[in-house]
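Novice:
Residue numbers (this note's numbering), protein chains in the order written: chain A, 840 to 950; chain B, 777 to 889.
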């Protein structure tokens, strides 16, 4: 069964304290891996798309990487405004491209 | 540019009732997907439509149905509401068919009493 697991479930960081979030996946025929940020009561906001192992994407303090079994979202010198839930999703298969989301990592950055 | 819009923002229904949720995609986007998100969980895929045809369906009962109109807007219908249907319902649009990023609306918060 296709599955996406994110860890840790929750993470508290001091401002400036870098860390990484993990997304491991077990799917048949990965077509793409996506990272989203979600603020409370709002819809997810798109961050990155990764299509193949070895690919990396960067945006401000965030960097996403992809291997054959997992993806990491690295947060460098985070600020309080980076506090949010970070969701990982995969698209797999052919013909129908349903998204499978993980349960997310709730990040809290303290000033 | 307007993003994905959803209506209504909030909705309160009682068990057994029917509900219709609406979504307008980003201009030029032809694909719309629907998700259910229970508090503390990731979004669960319900349907995907592309060019007015159903292209994917998640593990939801037949009480859930959807359609896409010629202008690419979409409706999600849920019949015979259960308490467990209380959730945030998200609509997402994308520009093309296949593996690609999706852009989400703000969601409709449905409460079933």
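Just so you know, even glycine gets a beta-carbon here, dropped at the ideal spot from N, CA and C.
Just to confirm, is the Cβ distance from residue 860 of chain A to residue 929 of chain A under 8 Å?
Specialist: Walking along the first chain from the start, residue 860 of chain A turns up at place 21. Walking along the first chain from the start, residue 929 of chain A turns up at place 90. Not closer than 8 Å, so no.
Novice: Taking buried to mean at least 16 other C-beta atoms within 10 Å of its own C-beta, is residue 818 of chain B buried or exposed?
Specialist: Locating residue 818 of chain B in the second chain gives position 42, counting from the first residue. So residue 818 of chain B ends up on the buried side.
Novice: Extract the residue ranges of the beta strand (DSSP E) inside the region 807 to 876 of chain B, only unbroken runs of 3 or more that lie entirely within it.
Specialist: 807 to 813, 820 to 826, 829 to 833, 840 to 844, 850 to 854 and 863 to 870
Novice: Are the region 852 to 866 of chain A and the region 784 to 795 of chain B touching by the rule of at least three beta carbon pairs closer than 8 Å?
Specialist: no
Novice: What did DSSP end up calling residue 920 of chain A once you bin it into helix, strand or coil?
Specialist: By 1-based counting over the first chain, the position of residue 920 of chain A is 81. Residue 920 of chain A: helix per DSSP, three-state reduction.
Novice: According to the neighbour-count rule (16 or more other Cβ atoms, all chains shown, within 10 Å of its Cβ), is residue 859 of chain B buried or exposed?
Specialist: For the purposes of this step, residue 859 of chain B is taken as the residue at position 83 of the second chain. Label assigned to residue 859 of chain B: exposed.
Novice: Using a Cβ cut-off of 8 Å, which residues of the region 873 to 884 of chain B contact any Cβ in chain A, in chain order?
Specialist: 873, 874, 875, 876, 877, 878, 879, 880, 881, 882 and 883
Novice: Classify residue 845 of chain B as buried or exposed, calling it buried when 16 or more other Cβ atoms lie within 10 Å of its own Cβ.
Specialist: As a position in the second chain, residue 845 of chain B is number 69, starting the count at 1. Exposed, since its Cβ has fewer than 16 Cβ neighbours within 10 Å.
Novice: Can you give me the C-alpha to C-alpha distance between residue 880 of chain A and residue 797 of chain B, rounded to a whole angstrom?
Specialist: Residue numbering aside, residue 880 of chain A sits at position 41 when the first chain is read from its first letter. Residue numbering aside, residue 797 of chain B sits at position 21 when the second chain is read from its first letter. Distance between the alpha carbons of residue 880 of chain A and residue 797 of chain B is about 17 Å.
Novice: Under 8 Å between C-beta atoms, does residue 844 of chain B make it to chain A?
Specialist: Translated into the one-based positions of the second chain, residue 844 of chain B becomes position 68. Taking Cβ atoms only, chain A never reaches closer than 8 Å to residue 844 of chain B, which makes this a no.
Novice: Is residue 914 of chain A helix, strand or coil when you go by DSSP?
Specialist: Looking up residue 914 of chain A in the first chain gives position 75. In the three-state DSSP reduction, residue 914 of chain A falls in the strand class (E or B).
Novice: When you compare only the Cα positions, how much space is there between residue 887 of chain A and residue 874 of chain A?
Specialist: Position 48 of the first chain, counting from 1, holds the residue named residue 887 of chain A. Position 35 of the first chain, counting from 1, holds the residue named residue 874 of chain A. Straight-line Cα distance between these residues: approximately 5 Å.
Novice: What's the gap between the Cα of residue 807 of chain B and the Cα of residue 824 of chain B?
Specialist: Counted from its first residue, the second chain places residue 807 of chain B at position 31. Counted from its first residue, the second chain places residue 824 of chain B at position 48. One C-alpha to the other measures close to 7 Å.
Novice: Are the region 936 to 948 of chain A and the region 842 to 860 of chain A touching by the rule of at least three beta carbon pairs closer than 8 Å?
Specialist: yes
Novice: Between residue 842 of chain A and chain B, is any beta-carbon pair separated by less than 8 Å?
Specialist: In the first chain, the residue the question calls residue 842 of chain A occupies position 3. No - not a single Cβ of chain B is within 8 Å of the one on residue 842 of chain A.
Novice: Is there at least one Cβ from chain B nearer than 8 Å to residue 876 of chain A's Cβ?
Specialist: Stepping through the first chain from its first residue, residue 876 of chain A is reached at position 37. It does not; no Cβ of chain B falls within 8 Å.
Novice: Does the beta-carbon of residue 790 of chain B have 16 or more other beta-carbons within 10 angstroms, so that it is buried, or is it exposed?
Specialist: Counting from one through the second chain, the residue named residue 790 of chain B turns up at place 14. Result: exposed.
Novice: Taking residue 876 of chain B as the reference, which of B/800, B/864, B/805 and B/781 has the closest Cα?
Specialist: Along the second chain, one-based indexing puts residue 876 of chain B at 100. Considering only alpha carbons, the answer is B/805.
Novice: Please say whether residue 949 of chain A and residue 851 of chain A have beta carbons closer to each other than 8 Å?
Specialist: Within the first chain, residue 851 of chain A is the residue found at index 12, counting from 1. Within the first chain, residue 949 of chain A is the residue found at index 110, counting from 1. Against a cut-off of 8 Å, the Cβ pair of residue 949 of chain A and residue 851 of chain A comes out as a contact.
Novice: In angstroms, rounded to a whole number, what distance separates the CA positions of residue 888 of chain B and residue 861 of chain B?
Specialist: For the purposes of this step, residue 888 of chain B is identified with residue 112 of the second chain, where counting begins at 1. For the purposes of this step, residue 861 of chain B is identified with residue 85 of the second chain, where counting begins at 1. Approximately 7 Å, taken between the alpha carbons.
Novice: May I ask you to report which of helix, strand or coil DSSP gives residue 950 of chain A?
Specialist: Taking the first chain and counting its residues from 1, one reaches residue 950 of chain A at position 111. Correct three-state label for residue 950 of chain A: coil.
Novice: Could you give the distance in angstroms between the alpha-carbon of residue 899 of chain A and the alpha-carbon of residue 882 of chain B?
Specialist: Here the question's residue 899 of chain A lines up with position 60 in the first chain. Here the question's residue 882 of chain B lines up with position 106 in the second chain. About 24 Å.
Novice: Let me confirm a value: residue 890 of chain A is counted as buried when at least 16 other C-beta atoms fall within 10 Å, else exposed. Which label applies?
Specialist: As a first step, residue 890 of chain A is located in the first chain; it is residue number 51 there, counting from the start. Flag for residue 890 of chain A reads exposed.
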